[in-house]
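Take the sequence shown: its position 204, counting from 1, is numbered 204 in the UniProt record's numbering, and each next residue is one higher. Just so you know, even glycine gets a beta-carbon here, dropped at the ideal spot from N, CA and C.
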Amino acid sequence: MEFLKMNKLRRKGLKADREAEELIIKKEKEDANGELGKAVDGDEEEEDDDDFIMNEVKRRLKELRRNSFMVLIPEEEACGEEEEEEMEMEMEEGEGGSSNEWRDVEEEGRRLWSCFGAFYDKYCDRMLFFDRLLLKQIIASSSSNNNNNPSPPVSKKFTSPLRCLSLKKTQLPPPQDDAAVEENDPYLDLETSYVSHLCLSWEALHCQYTQLACTQSDDKCYNHSAQQFQQFQVLLHRFIENEPFQPGPRPQIYAHSRISFPKLLQVPNISGQEMTEEESDMLVRAPDLIRIIESSILTFQMFIKMDKKKKPNGVRHLFGGQGQNQMATPLQQVQSSLDKRKVKLKELWKRRKGGKKNEWPATQEEVELLLGLIDVKVMGRVLRMVKISKEQLFWSEEKMKKLDFVSAKLQRDPSPILFPC
């Protein structure tokens, strides 16, 4: 009996142990499931955050595309430069309507100043554009002269002098409009081509000089460039010497000379080559080329001085029309401002110490005065054109603003502005 009781108690103990083990295993499973649930909930929260970020990025991209701004670079330096550009644009907008319309051209000039190769390519393209206009007018004028048939020969047969009298009414040709005559006048296009070449070449010439004077290096030679600038100078001298013996106005003489000598008034590009020890004695270095360009600038000054075209009578020549008295104010304002700057420049030029008339100035201040005087001469020739366009007048105005006077001294901005087509 006792043996049976002991077995019964042992069975109960085993059953209790199994139940306890099952409870422990069940509890461990529940804890594991709880931790897994928390991890899943955390992953779900992270996925929800990622989805929210992606949706926010997509929404902002849609807004950027809608506003036509595809790339934004939040750099402090870039933002500072953009703010400065915006301030400059706002200041230019307050200066006047003409400055606003010419702002793009001035910005283009500043961009080209930073890369002279692009500026020179642009210069050559515009010179070629006006070459084509010039050649077109020369061909048209020569063909019109060839089409004029000579008068028929007079018969030797005796005729009565009374036959020369006619009792019919003499019909006078109808009067022609002056504006129509001016539009068909080939001289206008010839003058436009000549003045455009003059302005473009001056921009390239003083820009070449300024660039070489600021960035000259001793490890390059400029033999080929020196030959080209000497040729440029010789062609200008030859034109000045031959002009008094040729009939017609200067634009017409220049057109025929330009066709005969395509390098006339064409400023060459400066290109340097690496120096070698074998040819060190025959090399043209940067200071030598600078002196050659200085001589070319003096020859150009003589060339522009010999242009004796007088100012047009009246104000009907503004923008190529007649009876536009209301449009006379912009031209008169630009001309008045130019005359004032011209007087100041001449006063400062007379105060300089020593120096001959046709010699290169000794100081940098005097060099700036000389370049400023040539600027005034070139702008004055533009304003004396028979037919001046609105863009050409804006060019003269913006070019004139680069000559400023502070404390009785000239401050000249050397950045170029290409003459408009």
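Exercise. Going along the chain, which residues of its own chain have a beta-carbon closer than 6 Å to the beta-carbon of Q211, five neighbours each way excluded?
Worked result: In chain order, F116 place their CB closer than 6 Å to the CB of Q211, counting only its own chain and leaving out the 5 sequence neighbours on each side.
Notebook entry, point to check: Do the CB positions of C199 and F419 come within less than 8 Å of each other?
Noted result: For the pair C199 and F419, the CB atoms are nearer than the 8 Å cut-off.
Report the partner residues of G412 according to the DSSP bridge assignment. Residue identity check: residue 412 is Arg in the sequence provided, not Gly. Note: R412 sits in a beta bridge opposite L403.
Applying the 10 Å Cβ sphere with the 16-neighbour rule, what's the burial state of K157? Confidence is the limiting factor: at K157 the pLDDT is only 43, short of 50, which leaves the residue's position unreliable, though a coordinate-based value still follows. Classification for K157: exposed.
In three-state terms, what does DSSP make of Q301? Note: Q301 maps to helix in three-state DSSP.
Report the three-state DSSP secondary structure of K220 (helix, strand or coil). Residue state, collapsed to three classes: strand.
Closest by CA to V267, which one among D125, N55, S415 and Q411? Of the candidates D125, N55, S415 and Q411, the one whose C-alpha sits nearest the C-alpha of V267 is D125.
### Task
Inspect the beta-carbon positions of L383 and Q333 and report whether they are closer than 8 Å.
The Cβ atoms of L383 and Q333 do not sit closer than 8 Å to each other.
Exercise. Return the CA-CA distance between K122 and A408, expressed in angstroms with no decimal places.
Key: Cα to Cα, the separation comes out at about 36 Å.
In three-state DSSP terms, what is Q273? Three-state result, Q273: strand.
* To do: Please name the residue, chosen from V234, L283 and V284, that lies closest to K263 on a Cα-to-Cα basis.
  => Looking at the Cα atoms, V234 is the closest of the given residues.
query = Should F245 be labelled buried (16 or more other beta-carbon atoms within 10 Å of its own) or exposed?
reply = Exposed, by the Cβ-count rule.
Less than 8 Å between C-beta atoms, sequence neighbours within five positions excluded: which residues of the same chain meet that for T159? Confidence at T159 is low in this model, with a pLDDT of 45, below 50, so the placement of that residue is unreliable and no value is reported for it.
- Task: Quick one: residues in its chain with C-beta nearer than 7 Å to the C-beta of I240, no 5 flanking neighbours on either side, listed in chain order?
- Result: Apart from the 5 residues on each side of it in sequence, I240 sits with its Cβ closer than 7 Å to the Cβ of M302, F303 and M306 in its chain, given in chain order.
Contact under 8 Å by Cβ, L410 with E368
Closer than 8 Å, so yes.
Taking the C-alpha atoms as reference points, what is the distance between C207 and P416?
Their Cα atoms are separated by approximately 7 Å.
**Message:** If you reduce the DSSP assignment to three classes, tell me which class Q266 lands in.
**Reply:** In the structure shown, the three-state DSSP call for Q266 is coil.
Hey, is V267's beta-carbon within less than 8 Å of any beta-carbon in chain C? As a matter of chain content, chain C is missing from the structure shown, which is built from one protein chain.
- Query: What is the C-beta distance between F229 and I139, in whole angstroms, given that I count them as a contact (C-beta under 8 Å)?
  - Reply: The C-beta separation of F229 from I139 comes to about 31 Å, leaving the pair out of contact by the 8 Å criterion.
(request) Put D177 into one of helix, strand or coil per three-state DSSP. (result) A caution first: D177 carries a pLDDT of 47, below 50, which makes its placement in the model too unreliable to give a value.
Where does A213 sit, in a helix, a strand or coil, going by DSSP? Note: A213 maps to helix in three-state DSSP.
Nearest to V376 by CA position, among R351, K402, V386 and A226, is which residue? If we check each option's Cα against that of V376, K402 comes out closest.
### Query
Is G372 helix, strand or coil when you go by DSSP?
In this structure, G372 counts as helix in the three-state DSSP scheme.
- prompt: To the nearest angstrom, how far is it from the Cα of L265 to the Cα of R352?
  reply: Each residue's alpha carbon lies about 30 Å from the other.
Within a Cβ cutoff of 7 Å, which residues of the same chain sit near F261, ignoring the five residues on either side of it in sequence? So the list reads L235, once near-sequence residues are dropped.
- Status (buried if at least 16 other CB within 10 Å, exposed otherwise) for E83: Residue placement at E83 is poorly supported in this model, since its pLDDT is 45, which falls under 50; the coordinates are not used for a value here.
If you draw a straight line from the alpha carbon of K387 to that of S396, how long is it in whole angstroms?
K387 and S396 have their C-alpha atoms some 14 Å from each other.
Pairwise C-alpha distance: L338 and L345: Computed Cα separation, rounded: 11 Å.
*Beta carbon of P247, beta carbon of L190: below 8 Å?*
Remark: C-beta atoms of P247 and L190 do not approach each other more closely than 8 Å.
Margin query: Which same chain residues end up closer than 8 Å to S141 when comparing Cβ atoms and leaving out the 5 residues on each side of it in sequence?
Written below: Around S141: P186.
I'd like the span of the alpha helix (DSSP H) that includes A255, first residue to last. Counting along the chain, the unbroken alpha helix (DSSP H) around A255 starts and ends at R250 to S260.
message = Taking a contact to mean a Cβ-Cβ separation below 8 Å, would you say S295 touches F232 in this structure?
response = No, these two residues do not count as a Cβ contact at 8 Å.
Closest residue to F119 among E203, Y194, L134 and L133 (Cα-Cα distance)
It is E203 whose Cα lies nearest to the Cα of F119.
If you draw a straight line from the C-alpha of residue 461 to the C-alpha of N223, how long is it? As shown, the chain starts at 1 and ends at 421. That puts residue 461 outside it, with no answer to give.
key: Spatial neighbours of residue 428 in its chain, beta-carbon cut-off 6 Å, leaving aside the 5 residues before and after   = Past the edges of the chain, shown from 1 to 421, lies residue 428, and the structure says nothing about it.
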